Amino acid sequence: MIYDAKARQILLGLKYHDRLDYAGPAGAWLARTARPMLQPEMLVAPVPLHWLRFVTRRYNQAAILSEAMARELGLAHCPDLLHRTRYTGTQEGRGRAGRFENLVDSMAPNPRHLPLLQGRHILLVDDVMTVGATFAAATEACLAHGAISVRVIALARVARQV
33 MIYDAKARQI LLGLKYHDRL DYAGPAGAWL ARTARPMLQP EMLVAPVPLH
83 WLRFVTRRYN QAAILSEAMA RELGLAHCPD LLHRTRYTGT QEGRGRAGRF
133 ENLVDSMAPN PRHLPLLQGR HILLVDDVMT VGATFAAATE ACLAHGAISV
183 RVIALARVAR QV
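In our numbering, the protein residues as written are 33 to 194.
Pasting the structure below:
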């Protein structure tokens with residue numbers, strides 16, 4: 033979806049207002065869109081939240097979406113494949129370069145799941161993509177630890193203002 037008023041209502045409901053009932057239909061949409069990029073034995077994983085943000089939200093909305101999508105596709109899912117190595121704060125108000133800079137070395141594989149990355153194709157899931165800095169940091173962490181390839185999918189995309 034383009035991140036417009038309706039998408040914002042859905043995503044904020046999922047993210048902040050416990051509208052977990054949105055996850056099933058959203059997972060089906062994501063699954064339909066992801067089918068052309070699937071690889072054999074692909075592993076689905078969400079973009080991680082820092083533990084401080086997890087405590088305030090009580091769940092990772094990207095993990096809820098990735099689980100629904102993986103179930104729809106019949107793929108393996110690892111909700112804690114990656115973790116945030118440091119608190120990066122909000123990306124709001126940062127320009128493109130600032131967003132990328134803020135996320136450098138901010139993610140790493142969960143040490144318990146390092147073997148899952150070795151020689152695997154990974155499909156990373158997030159709720160919203162703005163400039164791609166979060167996906168870039170997560171992708172770099174996967175590739176640096178043995179993933180063959182990383183594909184990404186988000187439920188909504190912020191349209192660039194021209």
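All C-beta atoms in this analysis are idealised placements derived from N, C-alpha and C, irrespective of residue type, glycine included. No experiment lies behind these values; they were computed from the predicted model shown.
Item to check | Backbone CA spacing between L43 and L187 [nearest angstrom] | outcome: By one-based count along the sequence shown, residue 43 stands at place 11. By one-based count along the sequence shown, residue 187 stands at place 155. Note on geometry: alpha-carbon atoms of L43 and L187 lie some 8 Å from one another.
Item to check | Coil, strand or helix - P57 by DSSP | outcome: The count along the sequence shown starts at 1 and reaches residue 57 at position 25. Three-state result, P57: helix.
Item to check | Alpha-carbon to alpha-carbon, G178 and G151 | outcome: Residue 151 sits at position 119 when you count from the first residue of the sequence shown. Residue 178 sits at position 146 when you count from the first residue of the sequence shown. Approximately 6 Å between the Cα atoms of the pair.
Checklist entry - Under a Cβ-count criterion, where at least 16 other Cβ atoms within 10 Å of its own Cβ denotes burial, should L148 be classed as buried or exposed? => result Walking along the sequence shown from the start, residue 148 turns up at place 116. With 16 or more other Cβ atoms within 10 Å, it is buried.
Next on the checklist: Applying the 10 Å Cβ sphere with the 16-neighbour rule, what's the burial state of M69?
Outcome noted: Position 37 of the sequence shown holds residue 69. Residue environment: M69 is assigned as exposed (fewer than 16 neighbouring CB atoms within 10 Å of its CB, all protein chains considered).
Next on the checklist: Please classify E133 as buried or exposed, where buried requires at least 16 neighbouring CB atoms within 10 angstroms.
Outcome noted: Along the sequence shown, one-based indexing puts residue 133 at 101. Counting Cβ neighbours within 10 Å, E133 comes out exposed, since fewer than 16 surround it.
Next on the checklist: Can you look up A176 in the DSSP assignment and give me helix, strand or coil?
Outcome noted: Taking the sequence shown and counting its residues from 1, the one referred to as residue 176 is at position 144. Residue state for A176 is assigned as helix, using DSSP reduced to three classes.
Checklist entry - From what residue to what residue does the alpha helix (DSSP H) around I96 run? => result Along the sequence shown, read from residue 1 onward, the residue named residue 96 stands at position 64. Counted as a single uninterrupted DSSP element, the alpha helix (DSSP H) harbouring I96 occupies residues 93 to 105.
Checklist entry - Which whole-angstrom value is the C-beta distance of A63 and M33, which I expect to be below 8 Å? => result Numbered from its first residue, the sequence shown carries residue 63 at position 31. Numbered from its first residue, the sequence shown carries residue 33 at position 1. 15 Å between Cβ atoms; not a contact.
Item to check | Rounded C-alpha distance that separates H153 from V79 | outcome: Here residue 153 corresponds to residue number 121 of the sequence shown, with the count starting at 1. Here residue 79 corresponds to residue number 47 of the sequence shown, with the count starting at 1. H153 and V79: Cα-Cα distance of roughly 15 Å.
Next on the checklist: Could you check whether the region 161 to 168 touches the region 97 to 113, counting it as contact only if at least three pairs of C-beta atoms, one from each stretch, sit closer than 8 Å?
Outcome noted: Because the criterion of three Cβ pairs below 8 Å is not met, the region 161 to 168 and the region 97 to 113 do not touch.
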